[in-house]
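To keep things clear, I will list the structure first and then write my remarks on it.
Residue numbers (this note's numbering): 453 to 636.
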């Protein structure tokens, strides 16, 4: 049964981790190096993420600095950032690329908060689907007499407790992210 609990924990934790990674991609008016993780450039014939060809750092609260290790890649990096769907405007001085994130308007903050809520709800749905799958497995085991009625009730309670625990974690992440967005 410990394998059962371990499996349910792993799957639910994965849903929480996925939500966390989705949150890092949300442009919230603050410089965040993770926002560039999915942008790739053609580097010597290979699609390479920017973070593998340059040092990315936060120089000010709303400014990212991208410093390529190979200066021949600077224009490719700049173009890749411009072409991305992130709506960023990189500025290059030939050695370093600076990306300034604009101050968010109240309306934009509300839009981002709605996006956060939508991602949060999708994660909760994912957690509930995991619960449903495990409950179906348990009921099938009960039907085939692999477990007793008492064991079924005990395991159903464990599954529900884990579901509640992970949904609470997700809700706390949502509150923190929304607070972060609204107080910028």
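We treat Cβ as the ideally placed atom computed from N, Cα and C, and that holds for glycine. These numbers were taken from a predicted model, which means no experiment stands behind them.
Pairwise C-alpha distance: residue j and residue i
i           : j           : result
residue 466 : residue 458 : 12 Å
residue 503 : residue 601 : 54 Å
residue 594 : residue 493 : 54 Å
residue 575 : residue 546 : 42 Å
residue 604 : residue 559 : 49 Å
residue 427 : residue 554 : For residue 427 there is no data in the structure shown, the boundaries of the chain being 453 and 636.
residue 542 : residue 588 : 51 Å
residue 628 : residue 544 : 34 Å
residue 496 : residue 525 : 9 Å
residue 471 : residue 616 : 16 Å
residue 583 : residue 519 : 46 Å
residue 538 : residue 563 : 15 Å
residue 585 : residue 624 : 25 Å
residue 506 : residue 516 : 12 Å
residue 577 : residue 468 : 11 Å
residue 610 : residue 635 : 38 Å
residue 556 : residue 456 : 45 Å
Residue j beta carbon less than 8 Å from that of residue i
i           : j           : result
residue 508 : residue 533 : no
residue 614 : residue 523 : no
residue 675 : residue 483 : Any question about residue 675 goes unanswered here, given that the chain covers just 453 to 636.
residue 626 : residue 569 : yes
residue 561 : residue 633 : yes
residue 579 : residue 536 : no
residue 549 : residue 530 : yes
residue 565 : residue 498 : no
7 Å Cβ shell around residue i - same chain, five flanking residues per side excluded
i           : result
residue 489 : 501, 503
residue 567 : 478
residue 474 : 571
residue 476 : 484, 486
Sequence-distant residues of the same chain with beta carbon closer than 8 Å to residue i, five excluded per side
i           : result
residue 678 : The structure shown does not extend to residue 678, since the chain spans only 453 to 636, so no value can be given for it.
residue 461 : 614
residue 434 : A question about residue 434 goes unanswered here, because the residues of the chain that appear run from 453 up to 636.
residue 612 : 583
residue 528 : 493, 494, 495
residue 510 : 483, 484, 485, 516, 517
residue 597 : none
Those residues which DSSP pairs with residue i across a bridge
i           : result
residue 512 : 515
residue 520 : 506
residue 499 : 494
Beta-carbon contacts of residue i that lie in its chain and below 6 Å, excluding the five residues immediately before and after
i           : result
residue 581 : none
residue 521 : none
(request) Jot down the residue ranges of each uninterrupted beta strand (DSSP E) in the stretch 523 to 584, minimum 3 residues, whole runs only, in chain order. (result) 542 to 544, 549 to 552
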